[in-house]
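Below: the structure, in structure tokens.
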Amino acid sequence: MLGKDLSQVTPDDLQPVDEFHIRGDVATRELIELSGFTPEMHILDVGCGIGGSTRRLSAQAGCRVTGIDLSEDYIDTAIRLTDLLNMQDSVDFHAASALELPFDDDAFGGVWSLQMNMNVEDKLGWLLETCRVLKPGGRAVLYEVCGSRNEPLYFPVPWAQDDSMSYLVPPAAFREVIESAGFDVEVWNDKTDLARRAFADVQEPTGDPDLPVLGVYMLVGNDIKTKAYNLRRNLEEDRVSLIETVVIKRGT
Ligand SMILES: C[S@@+](CC[C@H](N)C(=O)[O-])C[C@H]1O[C@@H](n2cnc3c(N)ncnc32)[C@H](O)[C@@H]1O
7 MLGKDLSQVT PDDLQPVDEF HIRGDVATRE LIELSGFTPE MHILDVGCGI
57 GGSTRRLSAQ AGCRVTGIDL SEDYIDTAIR LTDLLNMQDS VDFHAASALE
107 LPFDDDAFGG VWSLQMNMNV EDKLGWLLET CRVLKPGGRA VLYEVCGSRN
157 EPLYFPVPWA QDDSMSYLVP PAAFREVIES AGFDVEVWND KTDLARRAFA
207 DVQEPTGDPD LPVLGVYMLV GNDIKTKAYN LRRNLEEDRV SLIETVVIKR
257 GT
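Take any residue in the sequence shown, note its place counting from 1, add 6, and you have its number in our numbering.
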């Protein structure tokens, strides 16, 4: 598809489609720096999609990473791409819900969740599960889209066709749920300005979409340009914000 021998494909070749969050691999690299995850840790990626940032985290931090996602199709794709890249010894994937994680209490040294809360109505349920599987004192890195001062959102957006699938809460409410679930907040960065800059050039689409060979439209549909334009408007008009946070499970 890329005119490349499949045995020569690298993680960077897949980046246009497999790191499905605002600012893509640039954000992933920043989050890895922030995480403090080290090679002896086993990390859980909750809502891993097709596993691009799962693989990048493992490759860069040197740790074992397990990814889970609600979508069996995404998990099948994540496994096939991981085999293609020969990373199956350090990264594994399972279909599961963030609300019912199939792991023991205190099983992981760290948790990593990038832009998966937008479709999750029960945010306390998700964060209680995240807290349960994390070792006391362990860190969870969350990079999440939140609501903001104004409503309603312009739809469709990359995560939802309409408001029946989108559950955003403003940053202050998100922080309250995080703390109620059993975490202390160590780092709290509002990344909305960077997100606005990343989308500043997105224009209202006209005519046929001119789509690249590889892109996130493969995951969100051919109306990706309309969705990206609406995301730009939602960011600029304070309807959507972007939060990066590192939280620590209470207890020792
Ligand atoms: C925008 S994608 C982000 C994927 C990945 N974290 C990344 O950054 O490339 C959101 C992902 O969250 C997953 N998701 C949404 N709700 C979920 C839930 N309740 N349990 C597990 N995964 C969920 C979706 O299937 C989707 O793959």
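Cβ coordinates follow ideal geometry from the N, Cα and C atoms, glycine included.
Distance, Cα to Cα, glutamate 36 vs valine 163? 24 Å
Threonine 136 versus alanine 102 - alpha carbon distance: 13 Å
Run through the region 128-205 for me and flag every whole alpha helix (DSSP H) of 4 or more residues, listed as ranges in chain order. 129-139, 177-186 and 198-205
Considering Cα atoms alone, identify which of Leu91, Val252, Ala206 and Glu243 is closest to threonine 16. Leu91
Just to confirm, are phenylalanine 26 and glycine 58 a CB contact at a threshold of 9 Å? yes
Measuring CB to CB, does cysteine 69 end up less than 9 Å from histidine 100? no
Does the Cβ-Cβ distance between glycine 143 and isoleucine 230 come in under 9 Å? no
With burial defined as no fewer than 16 other Cβ atoms inside 10 Å of the residue's Cβ, what is the status of serine 186: buried or exposed? exposed
Three-state secondary structure (DSSP) of arginine 256: coil
Residues that isoleucine 249 bridges to, as DSSP identifies them: Glu150 and Asp196
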